[in-house]
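One structure is given below, encoded as structure tokens.
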Amino acid sequence: CEAGEDTLYVNADQTVAVNEEVLDDAANELGINKEDLQPVVSAEVGNIFKFGTEKSELMGIYYTDQDGKQQPIYLASYGIGITRVMGVIVEKFADDKGIVWPEAVAPYRVYLVQIGQESTEQADALYRELQDMGIEVLYDDRDERPGRKFADAELMGIPYRVTVSDRLIKENTFEFTPRAIGETELLTREELLAKLG
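Residue numbers (the numbering used here): 520 to 716.
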């Protein structure tokens, strides 16, 4: 991640990555040559702490090995910072208009925009249908100008914007705009549901 604050040293086939802060110790422990590693900027999203057997011995936590001998278990702690992960996603996938959430982690899949007075019933029906299909929808039925709704949709970065308007319902179409691409296409209801299903 170009916006990261950490430097990792990585080998050519990317099977070893070591934080700069522990590079000397890790290189000795792993038996690797530091000159074979290349620095890369990264963002820390998790930690691994190795505790060894000291704490398990203090707590009396043992296992029996294959020879029937008691051994202290090896303890470690693994943690992922959810807010850090979200920050890295935003840094990596944002553009000049706002966030571009990858579909796998987006808070919603569809940003449904309703425009005009005559399209309310069709927008409500589409909202219910998408919900019934198990699709997470943020329904923007605010009394705002279309430009404001579109700008908010881009800023929030929800993967797909679907627009229902008075003009579009007369043509039996919906506007479908993938946030990452930004190109709008007109789809029938069946085409839209097939694309989202």
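Built from N, CA and C at the ideal position, the CB exists for glycine as well.
Since this is a predicted model, take the numbers as computed values, not measurements.
Query: Is residue 675 closer than 8 Å to residue 618 when the C-beta atoms are compared?; Result: yes
Query: Once the 5 residues before and after residue 547 are set aside, which same chain residues still bring their CB inside 6 Å of it?; Result: none
Query: With 16 other CB atoms within 10 Å as the buried threshold, where does residue 593 fall?; Result: exposed
Query: So the beta strand (DSSP E) residue 607 belongs to, where does it begin and stop?; Result: From DSSP, residue 607 is part of no beta strand (DSSP E) but of the alpha helix (DSSP H) over 601-612.
Query: Measuring CA to CA, which of 705, 696 and 699 is closest to residue 690?; Result: 705
Query: With a threshold of 7 Å on Cβ separation, who are the neighbours of residue 624 within its own chain once the five nearest residues in sequence on each side are excluded?; Result: 608
Query: With DSSP as the reference, label residue 495 as helix, strand or coil.; Result: Residue 495 lies beyond the residue range present for the chain, which begins at 520 and ends at 716; the question has no answer from this structure.
Query: Suppose you measure from the CA of residue 670 to the CA of residue 616; what does that come to, to the nearest Å?; Result: 8 Å
Query: Quick one: Cα of residue 694 to Cα of residue 542, how far?; Result: 53 Å
Query: For the alpha helix (DSSP H) that residue 536 lies in, which residues bound it at each end?; Result: Looking at the DSSP string, residue 536 is not in any alpha helix (DSSP H); the run it does join, the beta strand (DSSP E), is 536-538.
Query: I want to know whether the stretch 566-582 touches the stretch 640-649 - three or more CB-CB distances under 8 Å.; Result: no
Query: Here's the rule I'm using: 16 or more other beta-carbon atoms within 10 Å means buried, otherwise exposed. How should residue 597 be labelled?; Result: exposed
Query: Rounded to whole angstroms, what is the Cα-Cα separation between residue 677 and residue 629?; Result: 6 Å
Query: In chain order, what residues of the same chain have a beta carbon less than 6 Å from the beta carbon of residue 537, not counting five sequence neighbours either side?; Result: 528 and 545
Query: Name the DSSP bridge partner or partners of residue 683?; Result: 633
Query: Tell me the start and end of each unbroken alpha helix (DSSP H) in the stretch 534-590 that is at least 4 residues and wholly inside, in chain order.; Result: 542-549 and 573-578
Query: Report back the beta-carbon spacing between residue 682 and residue 632 to the nearest angstrom; my notes put them in contact at under 8 Å.; Result: 5 Å
Query: Ignore the nearest five residues each way along the sequence and tell me which others in residue 711's own chain have a CB closer than 7 Å to its CB.; Result: 681, 693 and 695
Query: What are the boundary residues of the beta strand (DSSP E) that residue 646 is part of?; Result: That residue, residue 646, is in no beta strand (DSSP E); its alpha helix (DSSP H) goes 639-651.
Query: What separation, rounded to the nearest whole angstrom, lies between the Cα atoms of residue 570 and residue 622?; Result: 37 Å
Query: Which two residues bound the contiguous alpha helix (DSSP H) that contains residue 671?; Result: 665-675
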